[in-house]
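The block underneath contains the structure these notes are about, expressed in structure tokens.
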Amino acid sequence: MSESSAPEVVRVEALRVVYGSKIAIDDINISFKRSNITAIIGPSGCGKSTLLRSINRMNDLIPAASVSGRVYFNGVDIYSKDVDPVYIRSRIGMVFQRPNPFPFSIFDNVAFGLRVNGFKLTKDELYNKVKDALVKAALWDEVKDRLDNHAYSLSGGQQQRLCIARALAVDPEVLLLDEPTVSLDPISTARIESLLRSIKDEYTIIIVTHNMLQAARVSDYTAVMMPDDDMVGRIIEFGETRGIFTNPRDKRTEDYISGRIG
Amino acid sequence: MGDQILAQYSRRMRFRKILDKVLPLILSVAVFIAVATVFSVLFTTIMTGWHRLSLNLILNYPSANPNEAGMRSAILGSIYTVGLSALICIPLSIATAIYLVEYSRGGRLASILSYNISNLAGVPSVIFGVVGLGFLAYWLGMGRTIITGAFTLAILILPLVTVTCVEALKTIPDDLRLGAYALGATTFQVVRRVVLPRALPMMLTGGILGISRALGEAAPILIVSGLLFIRDDPTSLFSRFTVIPLQLFNWVSRPQPAFIELSSAGIIVLLIILFALNGLTIALRQVLARRAEWA
Amino acid sequence: MTATIQHEALRKAIQRKRIQDRFFHITFLSATFVSTISLIVIYVTLGLESFNFFAHVSIVEFLTSTKWTVLFADKNFGVLPLLNATVMTSLIAIAVAGPLGVMIALFLSEYVSSTTRSVVKPVVETLAGIPTVVYGYFALYFITPNLLRTLWTNIQIHNALAVGLMIGILIIPIVASISDDAMKAVPADLRLAAYAVGSRKSDVALRVVFPAALSGVSASIILAFARAMGETMIAAIAGGFRSVLTFNIGEAMETMTAYIAQVATGDAPHGTIEYQSLFAVGLFLLLITAVLNYIGIKVVKRWAIRY
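Protein chains in written order, with numbering that gives the first Met the number 0: chain Y, 0 to 261; chain X, 0 to 294; chain F, 0 to 306.
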């Protein structure tokens, strides 16, 4: 399944993120390829979300956070001075742990990113883009007759797919998902996993999860993160998912996968 | 291809980037207008009235001669009515807050009663004056006197003071109460020995807040007492009376410039009293904060 | 033997403190009833005296006639001129306080550090703490002659515009404070979600926080409007006691509250129709503000349970 010949879209080099005086993650080197799903797994507190948030510069929003090292997106260092973080976020979408739709209608939620990014669209173009995003997020059939309903009228799983549609509507190249199913039931989780597999050809998808089975089910590559003795998160192993799960090289990976850590 | 997307993006974003920079400036203009209004009110009042500030202003009775006129009777009237209203209101507010927070713990009766407190808070202050006149002064025969004014003001500030007292009780952590209950204390013992000593300073801030509000209220007292020209000190709770804001209203309504200056001077006196009370609440809050550090 | 004596003593002590607790329970409960009783007294007093008033005046005339000349020899009892003045001044006040209050709230909740906020908020709240006599005086002697006269030369000395402007300043803290609470209550993850699709800070403030807090903002405006309708001294000092139905905000007008103040400054002996008119106008004002407050509190509650 995995396409190792696919182009590399995001490359992280010697990344370190510091919150105040505490080093959260250090010495992170990893790259992410198009048309692949990469899972980042590890026990809680190992810095998975921190790594994810440094890929679309969400860490900028935390005043105490400082980032060093390089993150390349299509060959451009996103932390260099002349790069607009807002542009980066419009090209690299993100979905959060809890569904967080805006308290607006279903349609306005999906159209939000198109509007803030200033696309000059006619009504029909806007409708079509919203529809495309909802189709990709496997939500269209359930909501096509009630696009004007309040987003909070949807179930938790539907809300999370709405958030995925909201992220896809602005046509990003990369989709970051931060434990997107942690608050959902197994059926909703399965729907989201299958929608991720169905759209992965067009995107570079990075998913943080602490559910190892989920990583095994959806991802092509897996990175394992682990805090060291000073609670600094590091990547201890990275490779094709099948290899990681069947034949881990690192003892800690083996312990983690078999449930002895975490 | 990436360059092309970026170029389109930059074109789209030029206006939005500017908007993003100027929005906080636009919003801060509103803050500026509010703050500037406070200062221009203070500034013009002080510039108009400061040279009329003298002991006469405080010690003399009102007079048709602006050079001799003072607001002695109004100051005494304010002290009597507002002081008495605080004596009525503060214990009532504390008792109400204790019932609502400590005894009822969210029963149906309590929710109706506390809903009515917020209803009472929404009644325009002038209405309290009209009812004070109709009910207290005439129906109950208390007359248009200090005691009628005091009760009117007490009910007027009751919701404000009660709400602060409720807030004060809510800041006391539940573990303290549970600890005392576990030793077999009754609710009253918990209130008296555990809750009240800790909540009292903050409740007093609420009381001072109410006093400040009552001191500045002209409308209800105008209705209850009428616009009087009083040239002697109040002798009992059943004396006719006037208060500082009413004396100011009286002066403001006169066309001669000297009385305008006099009203400005009177406003300065009233504002000094209000700021002093405000300072007192800040001091109380600091005492409170220090005690919280020890606890 | 000693055990039973001790047991007996303990039983008595418990009984004593139970009685004490019961006594204070009832005392505190009675105190809590004072607000409700006061509210009843307010409605009953206004209602009964209004009943006397409406024995002489038809309600239809009260609600439809366009003349209010109760203090003159030739009496007309149409409340419309007073109601009109109240609504006009309150609308002007909201036109000032609505935008300014919401802007201040957005600025405080989205753009300022908590330290700056703790300095700016009390200063803004001072606006509500200045006695309203001071605002009336400021409107009459400074706003109208120095500001309004230069822009609008034939504006009257007493006018609705200056009254509305100053009431507007007075109620800014109501709008700002309630709106700020509503904006602060917007969950942080909505802001993150907006940033994640490429929003700027201004987008987050205007397109997420403001709409998400809209019900709290509207409640603040309704409550502030009710407060504006009840404001007395500014209207009494700077509005002029001229009960004429006019829509020219440059003219003197008499609000309902100003009329009540006017009767009180003059002489309206107990039992006369002038005296009773205080209560009829008071009841009318109270009913309007009560409805507005009811709606406002309802809206606030709806917004409070949303998140």
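Even glycine gets a Cβ: it sits at the ideal position worked out from N, Cα and C. Everything numeric in this text was worked out from a predicted model, so none of it was measured.
If one requires a minimum length of 3 residues, the beta strand (DSSP E) runs lying completely within the segment 184 to 222 of chain Y are 203 to 207, in chain order. Sixteen is the threshold: since fewer than 16 other Cβ atoms of the shown chains lie within 10 Å of the Cβ of lysine 11 (chain F), the residue is exposed. DSSP, reduced to helix, strand and coil, places alanine 179 (chain X) within a helical segment of the structure shown.
Remark: C-beta atoms of alanine 195 (chain F) and methionine 93 (chain Y) approach each other more closely than 9 Å. Boundaries of the beta strand (DSSP E) harbouring alanine 23 (chain Y): 21 to 32, taken from the DSSP string. Inter-segment contact for the segment 236 to 243 of chain Y and the segment 208 to 226 of chain Y is present: three or more beta-carbon pairs are separated by less than 8 Å. Among the residues of the segment 49 to 70 of chain Y, none has a Cβ less than 7 Å away from any Cβ of chain X. Counting along the chain, the unbroken alpha helix (DSSP H) around phenylalanine 137 (chain F) starts and ends at 131 to 137. Alanine 193 (chain F) sits close to phenylalanine 101 (chain Y), with the two beta carbons spaced by under 9 Å. A distance of 9 Å or more separates the beta carbons of lysine 47 (chain Y) and threonine 203 (chain Y).
Rounded to the nearest angstrom, the Cβ distance from alanine 214 (chain Y) to threonine 208 (chain Y) is 6 Å, consistent with a contact under 8 Å. Ranked by how close their Cα comes to the Cα of aspartate 140 (chain Y), the residues Y:Lys130, Y:Glu172, Y:Lys250 have Y:Lys130 in first place. Per the DSSP secondary-structure output, tyrosine 18 (chain Y) pairs in a beta bridge with Y:Lys21, Y:Ala64. Non-local beta-carbon contacts of isoleucine 36 (chain Y) in its own chain, meaning distances under 7 Å to residues more than five positions away in sequence, involve Leu195, Lys199, Ile204, Ile206, Val217, Ser218, Asp219 in chain order.
Interface flag for glycine 19 (chain Y) against chain F is unset, since no Cβ pair is found closer than 9 Å.
Of the other Cβ atoms in all chains shown, 16 or more fall within 10 Å of the Cβ of proline 130 (chain F); this residue is therefore buried. Using a CB distance cut-off of 9 Å, alanine 84 (chain F) does not count as an interface residue toward chain X.
For arginine 199 (chain F), a Cβ of chain Y is located within less than 9 Å of the residue's own Cβ. As computed with DSSP, aspartate 76 (chain Y) is found in a beta bridge with Y:Tyr71. Considering only F:Gln275, F:Leu79, F:Glu109, the residue with the shortest C-alpha distance to arginine 241 (chain F) is F:Leu79. Beta-bridge annotation (DSSP): arginine 97 (chain Y) is not paired with any residue.
Judged by DSSP secondary structure, leucine 164 (chain F) falls within the alpha helix (DSSP H) whose first and last residues are 159 to 183. Valine 268 (chain X) is positioned such that its CB atom lies closer than 9 Å to that of isoleucine 57 (chain X).
Scanning its chain for C-beta atoms nearer than 7 Å, with the 5 sequence neighbours on each side dropped, one finds around alanine 137 (chain Y) the residues Arg160, Arg190, Leu194, in chain order.
Asparagine 99 (chain Y) reaches chain F at Pro186, Asp188, Leu189, Leu191, Ala192, counting residues in chain order whose Cβ is nearer than 8 Å. Under DSSP, tryptophan 67 (chain F) forms a beta bridge with F:Phe76.
Taken in chain order, the members of the segment 226 to 250 of chain X whose beta-carbon sits within less than 7 Å of a beta-carbon on chain F are Leu226, Pro244, Leu247, Phe248.
Closer than 9 Å to the CB of arginine 241 (chain F) there is not a single CB belonging to chain Y. Exposed is the label assigned to threonine 65 (chain F), since fewer than 16 other Cβ atoms lie within 10 Å of its Cβ. Using a CB distance cut-off of 9 Å, phenylalanine 14 (chain X) counts as an interface residue toward chain Y.
Within its own chain, the residues whose Cβ lies closer than 8 Å to the Cβ of valine 70 (chain Y), once the five positions on either side in sequence are excluded, are Val9, Arg10, Val11, Glu12, Leu14, Ser53, Ile54, Asp76, Ile77, Tyr78, listed in chain order. Residue nearest to threonine 49 (chain Y) within the set Y:Lys119, Y:Arg90, Y:Lys21, Y:Ile186 is Y:Lys21 (criterion: CA-CA distance).
With its beta carbon at least 9 Å from every one in chain Y, leucine 22 (chain X) lies outside the interface. For asparagine 116 (chain Y), the neighbours in chain F by C-beta distance under 8 Å run, in chain order, Val196, Gly197. Between threonine 44 (chain X) and valine 133 (chain F), the CB-CB gap stays under 9 Å. Residue range 124 to 130 is occupied by the alpha helix (DSSP H) that includes phenylalanine 127 (chain X).
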